[in-house]
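Asks: With the numbering used here, letter number 239 in the sequence shown gets 295, and the count goes up by one each step, no holes.
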Amino acid sequence: MNKTYTDLCDILGVRYPIIQGAMAWVATAELSSAVSNAGGLGILSPVTTRGLVEEIEISKRLTKNPFGVNIPVMSPNSDEVVKIVISEEIPIVTTSVGDPNKFTSILQREGIKVIHVVTNIKHAKKAEYAGVDAVVAMGTEAGGHVGREEITTSVLVQNIVDNVKIPVIAAGGIINSDNLLSVFTLGAEGVQCGTRFIATEECIAHKNYKRAIINAETDSTKIIARDIVPARVVKNKFSEWF
Ligand SMILES: Cc1cc2nc3c(=O)[nH]c(=O)nc-3n(C[C@H](O)[C@H](O)[C@H](O)COP(=O)(O)O)c2cc1C
């Protein structure tokens with residue numbers, strides 16, 4: 057591998073500190089292996105129509121570079137996903153939605169790097185205490201499920217950088233190199249992007265979904281289901297129900 061850009065790259069074994077975040081239903085082998093082939097880190101979602109084992113099999117054919125798998129800790133089949141990532145010798149896992157203590161040491165004993173996704177400082181400290189290798193600080197700009205606290209990415213990143221000693225990866229509203237540089241000035245060592253990667257040829261998302269992202273203005277999204285599981289979505293007829 058040629059020159060890398062941050063210590064995080066060396067931890068993950070990638071050239072660029074750019075992670076394609078897991079996205080249920082759309083982070084399939086085609087997308088994640090394209091990102092890994094380009095020198096970033098692709099992350100597979102365990103939630104796809106083909107299922108995780110097949111996604112991993114296809115990914116291993118499509119890339120020789122590292123790729124990861126996401127484990128939503130509270131999901132009913134998370135124990136099964138842990139068994140699969142260990143037996144398939146996946147080098148990196150992102151854990152989200154749940155207690156970082158549940159799987160971190162089990163995975164690390166197998167040589168797997170663990171990155172935990174957090175949306176507030178308390179959870180970042182808890183993840184560091186659990187021994188994770190890095191945290192993703194995901195601000196309220198993010199697509200999909202967001203933290204109840206609705207902290208913006210810049211505020212969250214800066215405060216988490218000040219409160220933990222492990223590498224911090226910024227997520228939420230990062231779509232280009234300007235955004236990347238802005239979070240690096242706050243102390244982040246990497247970025248995790250989701251929505252931007254949906255609007256790519258390699259993503260299996262429907263073309264209307266991609267078009268909605270590309271055509272989106274600054275006020276085209278809203279947070280729904282604040283009382284249950286808050287999520288940022290594109291404003292449309294469905295989101296009007298909430
Ligand atoms: C459609 C969608 C589904 C997502 N599903 C997951 C998921 O299953 N697990 C997870 O950890 N993060 C999930 N995320 C969050 C992304 O991994 C990433 O952190 C987030 O999209 C970053 O913000 P951005 O969309 O502004 O780039 C999802 C995001 C989107 C947009």
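Think of the CB as a built atom: it goes at the ideal place given N, C-alpha and C, for glycine as much as any other residue.
Considering only their Cβ atoms, is the gap separating Ala183 from Ile201 smaller than 9 Å?
Replies: In the sequence shown, residue 201 corresponds to position 145, counting from 1. In the sequence shown, residue 183 corresponds to position 127, counting from 1. The sequence shown places His at residue 201, rather than the Ile named in the question. Taking 9 Å as the Cβ cut-off, His201 and Ala183 do not qualify as a contacting pair.
Asks: Is there at least one non-hydrogen atom of ligand 1 closer than 8 Å to the beta-carbon of Arg252?
Replies: Counting from one through the sequence shown, the residue named residue 252 turns up at place 196. Yes, the beta carbon of Arg252 sits closer than 8 Å to at least one heavy atom of ligand 1.
Asks: Any heavy atom of ligand 1 closer than 8 Å to the CB of Cys259?
Replies: In the sequence shown, residue 259 corresponds to position 203, counting from 1. Result no, Cβ not under 8 Å from ligand 1.
Asks: Have a look at Ser101 and Leu163 and give me their C-alpha separation to the nearest angstrom.
Replies: For this step, residue 101 is matched to residue 45 along the sequence shown. For this step, residue 163 is matched to residue 107 along the sequence shown. In a straight line, the C-alpha of Ser101 is about 17 Å away from that of Leu163.
Asks: For the beta strand (DSSP E) holding Ser295, just list the boundary residues, first then last.
Replies: Residue 295 sits at position 239 when you count from the first residue of the sequence shown. Note, Ser295: premise wrong, no beta strand (DSSP E); alpha helix (DSSP H) at Lys293 to Glu296.
Asks: In angstroms, rounded to a whole number, what distance separates the CA positions of Val191 and Leu64?
Replies: Taking the first residue of the sequence shown as 1, we reach residue 191 at position 135. Taking the first residue of the sequence shown as 1, we reach residue 64 at position 8. Rounded to whole angstroms, Val191 to Leu64 spans 11 Å at the Cα level.
Asks: Which class does Asn219 belong to by DSSP, given the choice of helix, strand or coil?
Replies: Mapped onto the sequence shown, residue 219 falls at position 163. Of the three classes helix, strand and coil, the one that applies to Asn219 here is helix, per DSSP.
Asks: Let me check understanding here. Comparing Cα to Cα, which of Gly96, Ala193, Lys291 and Gly95 lies closest to Ala299?
Replies: With the chain running from 57 to 298 in the structure shown, residue 299 is simply not present.
Asks: Evaluate the contact criterion for the stretch 212–222 versus the stretch 89–99: three or more CB pairs, one atom per stretch, below 8 Å.
Replies: At 8 Å Cβ cutoff, the stretches do not touch.
Asks: Three-state secondary structure (DSSP) at Phe240?
Replies: As a working note, residue 240 is residue 184 in the sequence shown. Three-state result, Phe240: helix.
Asks: Distance check for Phe253 and Trp81, CA to CA, integer angstroms please.
Replies: Indexing the sequence shown from 1 puts residue 81 at position 25. Indexing the sequence shown from 1 puts residue 253 at position 197. Cα to Cα, the separation comes out at about 13 Å.
Asks: Count the other CB atoms within 10 Å of the CB of Arg282; is the residue buried (16 or more) or exposed (fewer)?
Replies: Along the sequence shown, read from residue 1 onward, the residue named residue 282 stands at position 226. Burial is judged here by how many other beta carbons sit within 10 angstroms of a residue's own beta carbon; Arg282 has fewer than 16 and is exposed.
Asks: Is Ala78 helix, strand or coil when you go by DSSP?
Replies: Locating residue 78 in the sequence shown gives position 22, counting from the first residue. In the structure shown, Ala78 sits in coil (DSSP, three-state: anything other than H, G, I, E or B).
Asks: Write down every uninterrupted run of the beta strand (DSSP E) in the stretch 86–170 whose length is 3 residues or greater and which is fully enclosed by it, in chain order.
Replies: 97–100, 123–128 and 148–152
Asks: Would you say the beta carbon of Pro156 comes nearer than 8 Å to a heavy atom of ligand 1?
Replies: Against the sequence shown, residue 156 aligns to sequence position 100. No, the Cβ of Pro156 stays beyond 8 Å of every heavy atom of ligand 1.
Asks: Just checking, does the stretch 288–295 make contact with the stretch 207–216 on the three C-beta pairs under 8 Å criterion?
Replies: The answer is no - the stretch 207–216 does not touch the stretch 288–295, with fewer than three Cβ pairs under 8 Å.
Asks: What are the complete beta strand (DSSP E) segments, minimum 3 residues, inside the stretch 181–232?
Replies: 190–194 and 224–227
Asks: Can you tell me the Cα-Cα spacing of Lys178 and Pro223, whole angstroms?
Replies: By one-based count along the sequence shown, residue 178 stands at place 122. By one-based count along the sequence shown, residue 223 stands at place 167. Using only the alpha carbons, I get a separation of about 16 Å.
Asks: With a threshold of 16 other CB atoms inside 10 Å of the CB of Val109, please say whether the residue is buried or exposed.
Replies: Here residue 109 refers to the residue found at position 53 when the sequence shown is read from its first residue. Looking at its Cβ environment, which holds fewer than 16 other Cβ atoms inside 10 Å, Val109 is exposed.
Asks: Taking just the CA atoms, how far does Val138 sit from Phe159?
Replies: As a position in the sequence shown, residue 159 is number 103, starting the count at 1. As a position in the sequence shown, residue 138 is number 82, starting the count at 1. Roughly 8 Å separates the two Cα atoms.
Asks: So for Ala268, helix, strand or coil by DSSP?
Replies: For the purposes of this step, residue 268 is identified with residue 212 of the sequence shown, where counting begins at 1. Here Ala268 sits in helix by DSSP.
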